[in-house]
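Report on the following structure.
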Amino acid sequence: MMSFKTALGLILLAIVAVVAEFSWGNGKGNSYSYDLSKMSDLRKLYNSKVFMAEMMTRPLEGMSFQLGKLSHSGVRVTLEDGTKWLVHKGDGYGISS
1099 MMSFKTALGL ILLAIVAVVA EFSWGNGKGN SYSYDLSKMS DLRKLYNSKV FMAEMMTRPL
1159 EGMSFQLGKL SHSGVRVTLE DGTKWLVHKG DGYGISS
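Straight run, no breaks: the sequence shown in this note's numbering ends on number 1195.
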């Protein structure tokens, strides 16, 4: 007979596998029209005045609920011109900051 800890561990492992599949495995990606590949556009955005900043969390892609740390988070800033941007630190960026 399986112990409670073993069963709980298997359930948690299955949840993590489902989350990983929905987050990275669907391959469809999102496509937005924000082309900031020019250095001048990036500089303009970087130097824009922030009107408001708010912490945001949302379910991972493909999920309809959040479960503790199993969510996507970042800071959404609203600039003076009313545009909104998600500030997000990716893996391997800003390690020393």
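Even glycine gets a Cβ: it sits at the ideal position worked out from N, Cα and C. No experiment lies behind these values; they were computed from the predicted model shown.
Exercise. So, L1158 versus S1169, is the Cβ gap smaller than 9 Å?
Worked result: Along the sequence shown, one-based indexing puts residue 1158 at 60. Along the sequence shown, one-based indexing puts residue 1169 at 71. Result yes, Cβ atoms of L1158 and S1169 sit closer than 9 Å.
Exercise. Roughly how many whole angstroms lie between the Cα atoms of E1119 and M1161?
Worked result: By one-based count along the sequence shown, residue 1119 stands at place 21. By one-based count along the sequence shown, residue 1161 stands at place 63. Legend: pLDDT at E1119 = 45, less than 50; position of this residue unreliable, value from coordinates given subsequently. For E1119 and M1161, the distance between alpha carbons rounds to 10 Å.
For this session: Have a look at the DSSP bridge pairing and note the partners of M1154.
Result: In the sequence shown, counting from the first residue as 1, residue 1154 sits at position 56. DSSP lists G1172 as partners of M1154.
Exercise. Would you report the Cα separation of F1102 and N1145, rounded to the nearest angstrom?
Worked result: As a working note, residue 1102 is residue 4 in the sequence shown. As a working note, residue 1145 is residue 47 in the sequence shown. Cα to Cα, F1102 sits roughly 54 Å from N1145.
For this session: Leaving out five residues on either side along the sequence, give the residues of the same chain with a beta carbon under 6 Å from the beta carbon of E1152.
Result: Along the sequence shown, one-based indexing puts residue 1152 at 54. Correct list, in chain order: R1174.
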